[in-house]
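Here's the structure we're looking at; comments come further down.
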Amino acid sequence: MYKKYKTGLLIFSKIIGILPKKLLLFFWDISSVFSGSINIALRYCLIKSLANSCGENVYIGKFVTIKNFEHLNLGDNISIHDFSYIEAKGGLTINNNVSIAHNASILTSSHNWNDITLPIKYNEVTFNPVLINEDVWIGCGVRVLNGTTIGSRSIIAAGSIVNKDVDANTIVAGVPIKKIKEID
Numbered sequence: 000m001y002k003k004y005k006t007g008l009l010i011f012s013k014i015i016g017i018l019p020k021k022l023l024l025f026f027w028d029i030s031s032v033f034s035g036s037i038n039i040a041l042r043y044c045l046i047k048s049l050a051n052s053c054g055e056n057v058y059i060g061k062f063v064t065i066k067n068f069e070h071l072n073l074g075d076n077i078s079i080h081d082f083s084y085i086e087a088k089g090g091l092t093i094n095n096n097v098s099i100a101h102n103a104s105i106l107t108s109s110h111n112w113n114d115i116t117l118p119i120k121y122n123e124v125t126f127n128p129v130l131i132n133e134d135v136w137i138g139c140g141v142r143v144l145n146g147t148t149i150g151s152r153s154i155i156a157a158g159s160i161v162n163k164d165v166d167a168n169t170i171v172a173g174v175p176i177k178k179i180k181e182i183d
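Counting from 0, one number per residue, gives the positions in the sequence shown under numbering that gives the first Met the number 0.
Okay, here's the thing in structure tokens:
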């Protein structure tokens with residue numbers, strides 16, 4: 000369906016791109032609660048305007064929360080399904096042909112606990128980029144933590160916590176992740 004409406008979507012993205020960011024974020028919040036083709040198309044046009052970069056054919060499901068769009072880089076043919084949480088302040092790149100199942104979280108920040116005179120929640124927040132390479136499937140409920148890289152053609156099993164780099168051509172699973180097997 001994207002190919003059929005591509006030209007119109009790109010033109011509409013350019014037009015709404017002149018609107019103030021606060022208004023675009025308001026439209027994002029409103030469109031995120033609805034399904035249907037029109038709202039999916041609107042979310043695509045909004046993310047094209049809000050993200051640092053955004054390729055073609057990007058699907059964003061309902062109730063997806065994205066923080067810090069300006070640090071988000073998206074390739075082509077990406078799907079981020081319902082109820083996912085994306086925090087990109089530390090820098091997030093998602094390359095081509097990536098599918099992120101529902102209820103996944105990707106975090107580019109973390110609190111440290113170095114200052115013992117402060118509660119942990121008031122300690123410094125650190126930022127580290129996350130890189131998701133091409134042809135990756137992230138299962139439902141996965142948590143990708145800051146400072147990690149997921150190699151090309153990898154699968155992250157449902158419910159896993161990615162706290163270290165994932166090699167290319169592998170399946171990982173668990174809390175924290177462990178390599179299950181290599182794939183061709």
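All residues carry an ideal CB built from backbone N, CA and C; glycine is no exception.
These figures come from a predicted structure and were not determined experimentally.
> Below 8 Å between beta carbons: does that hold for residue 8 and residue 44?
Replying inline: Note that the C-beta distance between residue 8 and residue 44 is below 8 Å.
> How is residue 142 classed by DSSP in three states: helix, strand or coil?
Replying inline: For residue 142, the three-state secondary structure derived from DSSP is strand.
>> Tell me which residues share the same chain as residue 168 and place their Cβ nearer than 6 Å to its Cβ, disregarding the 5 neighbours each side in the sequence.
In response: Contacts found: 152, 181, 182.
> Within 10 angstroms of its Cβ, does residue 123 collect 16 or more other Cβ (buried), or is it exposed?
Replying inline: exposed
>> Within a Cβ cutoff of 6 Å, which residues of the same chain sit near residue 62, ignoring the five residues on either side of it in sequence?
In response: 31, 81, 82
> Among residues of its own chain, excluding the 5 on either side of residue 172, which ones have a beta-carbon nearer than 6 Å to its beta-carbon?
Replying inline: 156, 159, 179
> Based on Cα-Cα distance, which residue from 23, 20, 57, 16 lies nearest to residue 36?
Replying inline: 57
>> When you compare the segment 86-104 with the segment 113-122, are there three or more beta-carbon pairs, one atom per stretch, that lie closer than 8 Å?
In response: Touching, no, given that fewer than three Cβ pairs across the two stretches are closer than 8 Å.
>> Beta-carbon within less than 6 Å of residue 185's beta-carbon, same chain only, minus the 5 sequence neighbours each way: which residues are those?
In response: Since the first residue of the chain shown is 0 and the last is 183, residue 185 is not available in this structure.
>> Can you tell me whether residue 69 is buried or exposed? The criterion is at least 16 other CB atoms within 10 Å of its CB, across all chains shown.
In response: Exposed, since its Cβ has fewer than 16 Cβ neighbours within 10 Å.
> Per DSSP, what kind of secondary structure is residue 117 in: helix, strand or coil?
Replying inline: The answer is coil: DSSP assigns residue 117 none of H, G, I, E or B.
>> Using C-beta distances below 6 Å, list every residue in its chain close to residue 162, excluding the 5 sequence neighbours before and after it, in chain order.
In response: 144, 175
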